[in-house]
Structures are given as structure tokens and as C-alpha cells.
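Protein sequence lines correspond, in order, to chains R, U and C.
First residue of the first sequence? That's 1 in UniProt numbering, and the numbers climb one at a time after it.
First residue of the second sequence? That's 1 in UniProt numbering, and the numbers climb one at a time after it.
First residue of the third sequence? That's 1 in UniProt numbering, and the numbers climb one at a time after it.
For glycine and all other residues, C-beta sits at the position ideal for the given N, C-alpha and C.
Structure first, then comments.
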Amino acid sequence: MSEFLIYKLILVGSVFGITLFVAAYSTYAERKVAAFLQDRVGPDRAGPFGIFQPLADGMKFIYKEEIIPVVSNKFLFVLGPCLAMLTAMMAGVLIPWGNTLIIGDQVYSLQIADLNVGILYVFGVVSIGVYGIMIGGWASNNKFSLLGAIRASAQMISYEIAMGLSIIALIIMTGTLSLGEISAQQAGGVGGDWNMWNVVYQPLGFLIFIVCAFAECNRTPFDLPECETELVGGYHTEYSSMKLGFYLFAEYINMFVSSAVISTLYFGGYNFPFMNDLGLDHNTISIIGTVVLFGKISFFIFFFMWIRWTIPRFRYDQLMNLGWKILIPLAVFNIFLTGLVMILLK
Amino acid sequence: MTLNAFYFLSFLAIMSAIMVVLSKNPVYSVLYLIITFFCIAGHYTLMNAQFLAIVHIIVYAGAIMVLFLYVIMLLNLNKESEPHKSNVLKFAATICAGLIMLVLIGSLKGTENMLQQQPAAADIGLVKTLGKVMFTEFLLPFEITSVLLLAAMVGAVMLGKPESR
Amino acid sequence: MLTNRSKLVVKKEMTFAEKIYLPAILSGVAITIKHLFRRKATVKYPEKQREISEVWRGQHVLKRDDKGAERCTACGLCAVSCPAEAITMVAAERKKGEENLYREEKYAATYEINMLRCIFCGLCEEACPKEAIFLTDRIVSTDYERNGFIYGKDKLVEPVNERVDISKRQTPAVLAFKQQKRLSHNK
Chain R
1 MSEFLIYKLI LVGSVFGITL FVAAYSTYAE RKVAAFLQDR VGPDRAGPFG IFQPLADGMK
61 FIYKEEIIPV VSNKFLFVLG PCLAMLTAMM AGVLIPWGNT LIIGDQVYSL QIADLNVGIL
121 YVFGVVSIGV YGIMIGGWAS NNKFSLLGAI RASAQMISYE IAMGLSIIAL IIMTGTLSLG
181 EISAQQAGGV GGDWNMWNVV YQPLGFLIFI VCAFAECNRT PFDLPECETE LVGGYHTEYS
241 SMKLGFYLFA EYINMFVSSA VISTLYFGGY NFPFMNDLGL DHNTISIIGT VVLFGKISFF
301 IFFFMWIRWT IPRFRYDQLM NLGWKILIPL AVFNIFLTGL VMILLK
Chain U
1 MTLNAFYFLS FLAIMSAIMV VLSKNPVYSV LYLIITFFCI AGHYTLMNAQ FLAIVHIIVY
61 AGAIMVLFLY VIMLLNLNKE SEPHKSNVLK FAATICAGLI MLVLIGSLKG TENMLQQQPA
121 AADIGLVKTL GKVMFTEFLL PFEITSVLLL AAMVGAVMLG KPESR
Chain C
1 MLTNRSKLVV KKEMTFAEKI YLPAILSGVA ITIKHLFRRK ATVKYPEKQR EISEVWRGQH
61 VLKRDDKGAE RCTACGLCAV SCPAEAITMV AAERKKGEEN LYREEKYAAT YEINMLRCIF
121 CGLCEEACPK EAIFLTDRIV STDYERNGFI YGKDKLVEPV NERVDISKRQ TPAVLAFKQQ
181 KRLSHNK
């Protein structure tokens, strides 16, 4: 039992570390991708190719002057960014980071916890994520922060619904809520067990899900909660120093986690084609699988950035129209279609 | 371990529930209410009803309380703007709350012999079991609930519509 | 209408293909990914410097003559011609025994160019009757304070030992241009 506990602790620690590492380097990647898409070079002064840029940015955030407005509610003002960070970190628990490892006669799963409500837990965490923004915006005691917080939370609540509905069609198909099982069902391999990735069966669901993921992460073209240029900064107008850093950092963690969820749900998770035909032993395939999963995640993180530097942002009424009048009916239609096909194929 | 967790959660739930009533600032009340909901979700998990726990968080903490917070933040309530309530209203409220308490105590009495009848199966709260029960034994109440929700939705749309002419 | 690129904005209903946005997004995404592989326009400055034109106009120099005496006679024509009014000077009379320092009887005791005002048009060079001031291919260095950009004689006059080469800028075209203006001193 204690050995099991130690193993889980190590796993939790490494997932925590990797999440922070990937999020930190996402900030670097963001600037590099932006630069490359605009025919520039990007940050290249801190270390070779600027790879120490995230450290420099972090140091800068820490050493900046910390301002807490006098009229603000101090406890809630500090609580806001903490909550944002906490909820962003929580969803990583459920992602199956790889298949099982067999050492001796012990089987170690590379998933911290496989709840049988899996994907619902992710939604639970996402829905709590709104509080960090709302509390921060309200505690600032500033009209523009409050309006920004309300703008952000209205957007997030609206797109949560379409996101949930788009997932239902997938659940009808897979018959399970557990992310571990959904991953295992997509085990690739040409031959006896020819299982396609879910995106082949659920293209519409995937499309709706990824659009909603963009909106939930406050990424362009749905970055109205922040839009630095034309509206006031939004919920974090009054924030400075590392507390602002936490809000911005939480966004990158969210991006990482949602990339992981997208890869797991629709792109086979740690599975890759021909994985059972290589003739390698189980552990090797598991390790390659983990690497492949991180490759998929990296691609989706790149995709988030790629879209950001391509598409301008929506107007707020367009955003709401898209969420309520297009995505939700589409998602319902997708559920109906999936159900119909499932019944016909039976 | 489970018992300790139960006591801790219960203590936290009751304390924050009391704070909901005592807080002067309505925003604090809502925040305490959210903590209460989380404690209740914790209780569900202790009873191995994970589905119920997570739905509780999604629906109550994640959606309904956000809307509460929304409205209260926008209204900017404070002591000055609080309307004075007459004694008759207070009296009526006390009686209503008392009646609800009576009902709750009554329903708790009923569960006493239920507990002794059968030890709950380990998988009683899991999604599969719950789904099966809901779509066979309790199909009619379930469908009626959905009709009720639909009616509420139609009502909301009607209220939200701008008045024509 | 000069460029033939102006477009009339028409507010018409979008077609279905336009309404679903996806084709437009895909074409946009294709454009940006192409730029990912393009050659980058950035020049990494301190390590690599951009090639500059022969007639580049950079930091000024006050020339000395062959014997090492300052050519400037503080006539003030450069200050008059300067459109940005960046040049100021104070004239002084040459004393006995200073013949090796100053070429003419009158010289500039102080001579200041405010590099923040200067637009590097080169009119001072053109106006100068004594071939004293020239613009060179040197870049005005940065500073943290505005005071640092007011260049006095210490920075403008070339040292006796290290003469500043200005021949590069004096291309035949430039010389011809100067001749055109029929300025007798430029023979």
C-alpha cells in the first residue's frame, strides 16, 4: 500500500512539474510562433535561441512592484489568482499520460486517478474556473474590472454548455465516461484490432469541442476577457506583479490541459498507428506512447497559437450568437445524429 | 479515516452554512454557500456517489452560484440600499423556515429504518447503476422532470423576449 | 483611386459558405503557415549590421585641415540652413600663437548639435563654405539621458591622430550636385 502511495506521489509530482514546465515554455513558444508567423525571429537574447526567456519573464514578474488597491477586498483580491491557478492545475489529474508500465510483476498506470465520472470531473473543474476570474474582478473594486469579469464569465458559461453537449455524442459512442477507457478504446494497430481515432467518427463533435476549448481558454478569436487593445484589460486590470503573472500563467496551463483532453478524447491519447505491429515489448510501447501523446499535445498547443496569429477576435454579440445560436443547436443535432446511427448499426 | 473526513466536512458545511446567514455582505454569503456546496459534494463522494458529487459541483457550484454571484455583483447591494422589512414579513419567514425544518426532520426519521434494512452496495452511486435505475424504475419521474425544465426554459425565453409593440 | 486597390464596402447578406466561416479560416491558416517557412526579415543588429548606402548620412564631423587646424570659421551658415534648428555655436577671435589650432582668424568656441533635433538632411554640409562639416557613415549611439545627445566640440571635431574618412560619401554624383549649385568654394 505504501509503495503504491509513493508511486502515486511521484506521479503527481512529475505531472505537476511537467505541467508548469510546459506552461512556462508555452509562453516562449507563443512569442516564437508569433514571430515566425510574422517573418520575425522572436526572443533570442536570453541563452541560445532565447531558451531562458521564460526564466527572465518569471524573474521580471516577481521583481515588479506589487500593487493592491486600497479600496479592494484584500483577501479576495489575493484569492482570485490563486483560484485561477488551482483550478487550472486540477484537471491534469485525470489525463492518462500513457499506458501501463510493468515492472517486475507490478502494473503501474500512468494515470493519477481513473474516476468513473472522468470527463465530468474535467467539466466540474472548468466550471469552477470561472470563480477565479469573477472573484478577482469583483474584489478589485473597479467598474471596468467588474465588467470585464462579467464579460469573461458570461462567455465561459455560455461555451461550457456547447462543450458539454458536444461531449455527450462522444460518450454515446464510447459508452464510458472514464478517460482511461476512452483512450484504451482507441488503441491503434492495423490488423486484428483496427480502431480508428474518435475524430473519424465524431468530426462535428470535435469541431464544436475545439471551438469551445478556444473560448474556455480565452484564446483568440475569443479573447474578449482580456483584449488588451480596444477594451480595458478586463478582470485583471488592477493586478500587477506575480498575481497578474498567475492569471496569465493559468491561461497557458489551461491551454496545455485542454490540448491534452482534446488529444485523449479525439486523437487516440497515447496510442499511435501500428503500435501493436512493431513487435516491441509492452513497456517500450508505453514509453513511446507517452512521447507520442506529448507530440500531439504540442501540436494542439501550436494550433492554438497558429489560430491566434491568424484570426482577429469576434465582436461580443457575434461571440454570443455563435455560442448560443450555432454551436448549441449543432451539438444537439450531433447528439441526435450519433444516436440515430448507433441505433441503425445495432 | 472516512469518519474523520465526514466530521471535518460536516463541521465545515455547517459552519459555512451559518456564515451564509450571518454575513453582512451578500457576496460573502454566496461565497460561503459555494463552500457549503463543495462540502456536500464531498459527502456524496464519501458515500461513493461520484456522479452525484460531480453533477452537484457542475450544476450548483459551477452554474447556479455563478449566476447568483453575477446578479449580486451587478446589484451592488449594501446596507444603505437594503429595504426595511416589516415585522409581519419576518414573522412569516420564521414560520416558513420552521415548517421546512419540520419536514426535513420528518424525512430524516423515515430514513432511520431504511439504513438498517440493507447495507448500500459499493457501486450504487456509479454512473452505470444510476443510469440503469433512472431509465427503468424511475423513468416517469425523470421524464416529468425534463418536461418541467423545458417549461422553465420556455418561460425564461418568454421573459427575455423584448415586448413587441 | 490612384492605386486601383480601393474596394467599395457593400453590406450584403453573407452566403452560407461565408457564414460557416470555416473556408475563410482555413485559407487564413494556410497563409500564416506559409510565413512560418519564409526567410526572416530580422537583422540581428549588434552581431550583424545592415549594409548601408554609399551616401548614408550619419553622425557629423568637424574636419581639420592638413596641418591639423580646425577649418570651421563660425560663420553660422550651417545653423541658418538647418531646418531642425539643431545647431548652435559661439564664435571667438583667434589669438596670437593659435595659428596651428584654427585655420581662420575667427573660430567656433563652442559648437553644439542636438542629435535629437537633427534630421540628418545634410543641408549643413551643403551650406558650409569652408568644407568644415561633413556627415559620415557613423551611427549616433544611444544614451539614457537627453543631455547625452547634445554633441559638443569634444565629440564633433575629429582627433588629429585619427582622421575621419569622408571620401566615401563624396561620390561623383554628390560632387556634381555641389558643383551645380555654383558654389565657388567647392572647386
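Can you give me the C-alpha to C-alpha distance between residue i and residue j, rounded to a whole angstrom?
i: N100(C); j: A69(C); result: 5 Å
i: G192(R); j: D277(R); result: Reliability of the predicted coordinates at G192(R) is poor, the pLDDT of 49 falling under 50, and no value is obtained from them.
i: Y45(C); j: F302(R); result: 29 Å
i: I62(R); j: Q53(R); result: 14 Å
i: G148(C); j: M305(R); result: 42 Å
i: Q49(C); j: V70(R); result: 50 Å
i: G13(R); j: L83(R); result: 19 Å
i: F51(U); j: V133(U); result: 14 Å
i: E3(R); j: V15(R); result: 18 Å
i: V261(R); j: E18(C); result: 30 Å
i: S29(U); j: M15(U); result: 12 Å
i: I236(R); j: M242(R); result: Sequence inspection shows His at residue 236(R); the Ile mentioned does not correspond to that position. Roughly 12 Å between the two C-alpha positions.
i: D65(C); j: K130(C); result: 10 Å
i: T32(C); j: T310(R); result: 6 Å
i: residue 367(R); j: L89(U); result: Because residue 367(R) is not part of the residues shown, which for chain R are 1 to 346, the question remains open.
i: K187(C); j: L175(C); result: Any reading at K187(C) needs caution, since the residue's pLDDT is 44, under 50, leaving its predicted position unreliable; the model's value is listed next. Each residue's Cα considered, the two are about 10 Å apart.
i: N218(R); j: G279(R); result: 43 Å
i: T338(R); j: P329(R); result: 14 Å
Since residue i and residue j are thought to touch, with beta carbons under 8 Å apart, how far apart are those beta carbons, to the nearest angstrom?
i: A88(R); j: N254(R); result: 5 Å
i: V93(R); j: I112(R); result: 5 Å
i: Y247(R); j: S26(R); result: Rounded, the Cβ-Cβ distance is 15 Å, inconsistent with contact.
i: Y159(R); j: A215(R); result: 4 Å
i: Q202(R); j: G268(R); result: Rounded, the Cβ-Cβ distance is 13 Å, inconsistent with contact.
i: I54(U); j: P26(U); result: No, I54(U) and P26(U) are not in contact; Cβ-Cβ is about 28 Å, not under 8 Å.
i: L170(R); j: G205(R); result: 6 Å
Given that residue i touches chain R, what residues does it touch there, using C-beta distances under 8 Å?
i: V9(C); result: Under the 8 Å cutoff, chain R gives no residues; its nearest Cβ is about 17 Å from V9(C).
i: G28(C); result: T310, I311
Is there a C-beta anywhere in chain C that falls below 8 Å from the one on residue i?
i: I328(R); result: no
i: Q53(R); result: no
i: Y38(R); result: With the sequence shown as reference, residue 38(R) is identified as Gln, and Tyr is not the correct amino acid for it. Yes, its Cβ sits closer than 8 Å to a Cβ of chain C.
Examine chain R for any beta-carbon lying closer than 8 Å to the beta-carbon of residue i, and answer yes or no.
i: F51(U); result: yes
i: K187(C); result: Bear in mind that a pLDDT of 44 at K187(C), under 50, signals an unreliable position, so the model cannot answer this.
Run down chain U in chain order and give the residues with a C-beta less than 7 Å from the C-beta of residue i.
i: G124(R); result: I54, I57, I58, G62
i: W138(R); result: V27, M73
i: L115(R); result: Q50
Give me the chain U residues within the contact set of residue i, using Cβ-Cβ distance strictly less than 8 Å, ordered along the chain.
i: L177(R); result: V127
Tell me which same chain residues have a C-beta within less than 6 Å of the C-beta of residue i, skipping the five on either side of it?
i: V140(C); result: Q59, M115
i: G98(R); result: L110, Y270, S286, G289, T290
Do we get a CB-CB distance below 8 Å when we pair residue i with the residues of chain U?
i: G191(R); result: For G191(R), the pLDDT reaches just 49, beneath the cut-off of 50, and the residue's location in the model is therefore unreliable, leaving the point undetermined.
i: S166(R); result: no
i: V261(R); result: no
i: M173(R); result: no
i: M134(R); result: yes
i: K243(R); result: no
i: I335(R); result: no
i: N218(R); result: no
i: S286(R); result: no
i: I95(R); result: no
i: Y159(R); result: no
i: V22(R); result: no
i: S298(R); result: no
Taking Cβ-Cβ distances shorter than 7 Å, what residues in chain R pair up with residue i?
i: T42(C); result: R40, V41
i: I25(C); result: I311
i: Y38(C); result: As written in the sequence, residue 38(C) is Arg, which differs from the Tyr given in the question. Simply D39.
Could you tell me which chain C residues have their CB closer than 8 Å to the CB of residue i, listed as they occur along the chain?
i: W306(R); result: V29, T32, I33
Quick one: what's got a C-beta closer than 8 Å to residue i's C-beta in the same chain, skipping five residues either side?
i: L120(R); result: L177
i: T15(C); result: none
i: P23(C); result: A17
i: V80(C); result: A127
i: N37(U); result: The identity of residue 37(U) in the sequence shown is Phe, whereas the question assumes Asn. Result list for F37(U): H56, I57, Y60, A61, M65, in chain order.
i: R313(R); result: T220, P221, F222, D223, L224, C227
Show which residues of chain U have a CB atom less than 9 Å away from the CB atom of residue i.
i: S153(R); result: V66, L69, Y70
i: I150(R); result: Y70, M73, L74
Beta-carbon within less than 7 Å of residue i's beta-carbon, same chain only, minus the 5 sequence neighbours each way: which residues are those?
i: I113(C); result: H60, A86, I87, Y151, L156
i: S107(U); result: none
Given the structure, does residue i come close to the ligand GDP, in the sense that its CB is under 7 Å from one of the ligand's heavy atoms?
i: V78(R); result: Of ligands this structure carries none, so the ligand GDP is not represented either.
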